[in-house]
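Peer 1: Questions regarding the structure given below will be posed in turn.
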Amino acid sequence: MHTRPSLRRTRRTRSRTTARLTASLFTAAALLVSACSSESSTTSSGGAADAVLAALPRATPSALSSYYTQQLHWRSCGVPGFQCATMKAPLDYAKPGAGDVRLAVARKKASGKGKPLGSLLINPGGPGGSAVSYLQSYAGAGYPADVRARYDLVAVDPRGVARSEPVECLDGRQMDTYTQTDLTPDDQQERNALVTADKTFAESCGARSARLLRHVSTVEAARDMDILRSALGDQRLNYVGASYGTFLGATYAGLFPDRVGRVVLDGAMDPTLDARQMTLDQTAGFEAAFQAFAKDCVRHSDCSLGGKGTAPAQVGDHLNAFFRKLDQHPIQAGDASGRKLGEALATTGVIAAMYDQAEWEQLREALTSAMKQNDGRGLLALSDTYYERGADGHYSNLMMANAAVNCLDLPPAFTGPDQVEKALPTFEKASPVFGRGLAWAALNCAYWPVKATGEAHRIEAKGAAPIVVVGTTRDPATPYRWAQSLAGQLSSARLLTYVGDGHTAYGRGSTCIDAAINTYLLDGTPPIPRKRCS
């Protein structure tokens, strides 16, 4: 039963229209970036070289100096207004001479006449989300005009992601099978099948990505960002990280507090949580989001889960009954490869819509089509967007990179199926709708071929410039208390609260949130302590 949403996955989403556009552009953007023309490459001027040298940290080990002083050769990407480059970083920071990893970088130059503020690095989350695609498909035009006028907007795909030597595990057909794995096994045979699927996925990642798999941690990605900061000629890192991007940004601040510029962490993660607690918190968060959806759904005449006066718990019961029906009798979904909508993909479709209140209407329509007309196309489309599966059956490497980073950053939530079974009552209490599936999904790191190198820890970043931490009170993927916790850990944090639904807050319609963040980015003035917006 249920779905295979990735463990601890968080990723910034846009409104319904933009989210769909972004997903459809991921494959196209990858082709455009990989097709960057070397013929239009530019050579760095002496002034640019001087800026790079000025940005070189005094404490940089000599073994890393060649990385910090490298010059980026910008070239056309084939996307109007954007430039691309390739940056080198050491594969293993403990052995800088043992080989390199090449990272894809993109930028959009500042468009205005005001005093330039340098570079603003952007990461939309994941882990595994393509920052380059996000920059090209949304941020390059969607960020506030004043911010775009003063900053060069810059994105780098972290190591192992998209165009930065992507982690590879399964092909499209294999991913189709994996994403339909039954995640609430009813008997021993189904439980064995689930374990086999997780082992096969892990073994495939180990076989196809052996060189990189030990070196895709968030710590290494943060160190890569410091090399990029230097290569861009910036003395401090200005950064907007959303969702998992907040953990990446906080990790950077912990490593390099004296190099922190204007940093915004929107939809914050809590680095003190272990994998099991993090998954449990997310489970409760998605249940809260579903309760809010349920209350909204029954107010509409086209709600197939209940009518006016139907309690949210009853709405959940109706949805679970529908899932059980699909488990036994999948329905047609108009898929060219022959996939039907079963319980797994249907649940993923529902979870996908919990990230953004703007998706609720689409979810309502999709549920009505599936429940009343046996037409699974709407829910399948939501699921495919979540998994970044194209119409041609090709998946981005989001889910593969997601597992690789998560399984390296923290020890597994569970080490075997018996532990999951014992934890099921706790997870089902946290979410009667999603609890079982999310608990079983957290088993995936148990069989990972590489032992975790990280662990839960506090991040204080003593001596850093003010850091703005943004939390949304009913955020399903990064619960509000995570933002409260991170703001309490960081020595210079200012907590900015959005009272509302959805995942992340900046650029989602709150003029109060946007004004506070824009003011901070443009003149360096952080929000007043404990500022709240609605």
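Our numbering puts the first residue of the sequence shown at 38, with every later residue one more than the last.
A virtual CB, placed ideally from N, CA and C, is assigned to each residue, including glycine.
Which residue wins for smallest C-alpha separation from D339, given the options A287, T309, Y484, Q399?
Peer 2: Taking the first residue of the sequence shown as 1, we reach residue 339 at position 302. If we check each option's Cα against that of D339, Q399 comes out closest.
Peer 1: With a threshold of 8 angstroms, are at least 3 pairs of Cβ atoms found where one atom belongs to the region 224-231 and the other to the region 249-264?
Peer 2: Contact fails: fewer than three Cβ-Cβ distances are below 8 angstroms.
Peer 1: Using the Cα positions of P449 and P117, report the straight-line distance between them to the nearest angstrom.
Peer 2: In the sequence shown, the residue the question calls residue 449 occupies position 412. In the sequence shown, the residue the question calls residue 117 occupies position 80. One C-alpha to the other measures close to 43 angstroms.
Peer 1: What distance in whole Å lies between the Cβ atoms of K125 and R139, which are believed to be in contact at a cut-off of 8 angstroms?
Peer 2: By one-based count along the sequence shown, residue 139 stands at place 102. By one-based count along the sequence shown, residue 125 stands at place 88. The Cβ separation is near 6 angstroms, so the contact holds.
Peer 1: Where do the ends of the beta strand (DSSP E) carrying N160 lie?
Peer 2: Here residue 160 corresponds to residue number 123 of the sequence shown, with the count starting at 1. Counting along the chain, the beta strand (DSSP E) containing N160 begins and ends at 156-160.
Peer 1: Verify whether the separation of the beta carbon atoms of T541 and D303 is less than 8 angstroms.
Peer 2: Here the question's residue 541 lines up with position 504 in the sequence shown. Here the question's residue 303 lines up with position 266 in the sequence shown. Yes; because the gap between Cβ atoms is below 8 angstroms, this pair is in contact.
Peer 1: Please identify the residue among Y289, A418, A192 whose C-alpha is closest to the C-alpha of G371.
Peer 2: Sequence index remark: in the sequence shown, residue 371 carries index 334 (1-based). Nearest of Y289, A418, A192 to G371, Cα basis: A418.
Peer 1: Among the candidates V505, S468, V142, whose CA atom is the shortest distance from the CA of F323?
Peer 2: On the sequence shown, position 286 is the one that residue 323 refers to. Taking only the C-alpha atoms, the option nearest F323 is S468.
Peer 1: So which of A479, Q521, K409, S99 has the shortest CA-CA distance to Q314?
Peer 2: In the sequence shown, counting from the first residue as 1, residue 314 sits at position 277. Of the candidates A479, Q521, K409, S99, the one whose C-alpha sits nearest the C-alpha of Q314 is A479.
Peer 1: At 3 residues or longer, and completely inside the region 270-355: list those beta strand (DSSP E) runs for me, N to C.
Peer 2: Runs of the beta strand (DSSP E) inside the region 270-355: 274-279, 297-303.
Peer 1: Contact between the region 187-203 and the region 344-356 is defined here as three or more beta-carbon pairs at a separation below 8 angstroms; is this criterion met?
Peer 2: Segments in contact, no.
Peer 1: Taking DSSP's pairing of strands, which residues face Q120 in a bridge?
Peer 2: As a first step, residue 120 is located in the sequence shown; it is residue number 83 there, counting from the start. Partner(s): S113, R144.
Peer 1: Assign Q394 to one of two classes, buried (16 or more other C-beta atoms within 10 Å of its C-beta) or exposed (fewer than that).
Peer 2: Locating residue 394 in the sequence shown gives position 357, counting from the first residue. Buried: at least 16 other Cβ atoms inside 10 Å.
Peer 1: Do we get a CB-CB distance below 8 angstroms when we pair R273 with the residues of chain B?
Peer 2: Within the model displayed, chain B is absent; a lone protein chain is all it includes.
Peer 1: For the beta strand (DSSP E) that contains G508, what are its first and last residues?
Peer 2: Along the sequence shown, one-based indexing puts residue 508 at 471. It spans 504-511 - the beta strand (DSSP E) in which G508 sits, taken as one unbroken run.
Peer 1: Just list the beta strand (DSSP E) runs in the region 424-498, keeping only unbroken ones of 3 residues or longer that don't cross its boundaries, in chain order.
Peer 2: Listed in chain order, there is nothing to give.
Peer 1: State buried or exposed for S267, treating a residue as buried only when at least 16 other CB atoms are found within 10 Å of its CB.
Peer 2: Here residue 267 refers to the residue found at position 230 of the sequence shown. Under this definition S267 is a buried residue.
Peer 1: Name the DSSP beta bridge partners of D137, please?
Peer 2: If you number the sequence shown from 1, residue 137 lands on position 100. D137 pairs with P127.
Peer 1: For the beta strand (DSSP E) that contains T405, what are its first and last residues?
Peer 2: Here residue 405 refers to the residue found at position 368 of the sequence shown. Note, T405: premise wrong, no beta strand (DSSP E); alpha helix (DSSP H) at 397-410.
Peer 1: Between L498 and P222, is the Cβ-Cβ spacing less than 8 angstroms?
Peer 2: To locate residue 498, count along the sequence shown from 1; it is residue 461. To locate residue 222, count along the sequence shown from 1; it is residue 185. In the sequence as presented, Leu is not what sits at residue 498; that position holds Ala. No, the pair does not count as a contact, with Cβ atoms beyond the cut-off.
Peer 1: Please check the pair V169 and A143, which I expect to be a contact at CB under 8 angstroms, by giving their CB distance rounded to whole angstroms.
Peer 2: Here the question's residue 169 lines up with position 132 in the sequence shown. Here the question's residue 143 lines up with position 106 in the sequence shown. At roughly 4 angstroms, the Cβ-Cβ gap stays under 8 angstroms, so V169 and A143 are in contact.
Peer 1: Is it buried or exposed, D263, if we count other Cβ atoms within 10 angstroms and call 16 or more buried?
Peer 2: By one-based count along the sequence shown, residue 263 stands at place 226. So D263 ends up on the buried side.
Peer 1: I'd like the span of the alpha helix (DSSP H) that includes D213, first residue to last.
Peer 2: Residue 213 sits at position 176 when you count from the first residue of the sequence shown. Start and end: 209-216.
Peer 1: Restricting to Cα atoms, I'd like to know which of P566, Q526, R569, L404 is closest to A287.
Peer 2: One-based indexing of the sequence shown puts residue 287 at position 250. Closest by alpha carbon: Q526.
Peer 1: Output needed for V387: all residues of its chain with C-beta closer than 6 angstroms, excluding positions within five of it in sequence on either side, in chain order.
Peer 2: The residue labelled residue 387 in the question sits at position 350 within the sequence shown. Cβ neighbours of V387 beyond the five flanking positions: none.
Peer 1: Could you pull out every residue in the same chain whose Cβ sits closer than 8 angstroms to the Cβ of R376, ignoring the five residues on either side in sequence?
Peer 2: Residue 376 sits at position 339 when you count from the first residue of the sequence shown. If we look at R376 and ignore the five residues flanking it on each side, its Cβ neighbours are D213, Q217, A370, L382, L417.
Peer 1: Quick one: residues in its chain with C-beta nearer than 6 angstroms to the C-beta of L157, no 5 flanking neighbours on either side, listed in chain order?
Peer 2: Walking along the sequence shown from the start, residue 157 turns up at place 120. These residues qualify, in order along the chain: Y188, L190, N275.
Peer 1: Could you tell me the boundaries of the alpha helix (DSSP H) in which R518 lies?
Peer 2: Taking the first residue of the sequence shown as position 1, residue 518 is located at position 481. Where R518 is concerned, the enclosing alpha helix (DSSP H) stretches over 517-526.
Peer 1: Would you call the CB atoms of I504 and A530 closer than 8 angstroms?
Peer 2: In the sequence shown, the residue the question calls residue 504 occupies position 467. In the sequence shown, the residue the question calls residue 530 occupies position 493. Taking 8 angstroms as the Cβ cut-off, I504 and A530 qualify as a contacting pair.
Peer 1: Compute the Euclidean distance between the alpha carbons of D455 and F464, then round it to the nearest angstrom.
Peer 2: Position 418 of the sequence shown, counting from 1, holds the residue named residue 455. Position 427 of the sequence shown, counting from 1, holds the residue named residue 464. So the two alpha carbons sit approximately 14 angstroms from each other.
Peer 1: Under 8 angstroms by Cβ, that's how I've got Y557 and V507 pegged, so tell me the actual separation to the nearest angstrom.
Peer 2: Within the sequence shown, numbered from 1, the residue matching residue 557 stands at position 520. Within the sequence shown, numbered from 1, the residue matching residue 507 stands at position 470. The Cβ separation is near 11 angstroms, so there is no contact.
Peer 1: Can you tell me whether G165 is buried or exposed? The criterion is at least 16 other CB atoms within 10 Å of its CB, across all chains shown.
Peer 2: Here the question's residue 165 lines up with position 128 in the sequence shown. Answer is buried; the Cβ neighbour count reaches 16.
Peer 1: Have a look at R426 and S433 and give me their C-alpha separation to the nearest angstrom.
Peer 2: In the sequence shown, residue 426 corresponds to position 389, counting from 1. In the sequence shown, residue 433 corresponds to position 396, counting from 1. For R426 and S433, the distance between alpha carbons rounds to 7 angstroms.
Peer 1: Let's test the definition: count the other Cβ atoms within 10 Å of the Cβ of S374 and tell me whether it reaches 16, buried, or not, exposed.
Peer 2: Numbered from 1 along the sequence shown, position 337 holds the residue referred to as residue 374. S374 is exposed by the Cβ-count criterion.
Peer 1: May I ask you to report which of helix, strand or coil DSSP gives A152?
Peer 2: The residue labelled residue 152 in the question sits at position 115 within the sequence shown. The sequence given here places Lys at residue 152; Ala does not occur at that position. Coil.
Peer 1: With DSSP run on the structure shown, which of helix, strand or coil describes T534?
Peer 2: Locating residue 534 in the sequence shown gives position 497, where the first residue counts as 1. Strand, per DSSP.
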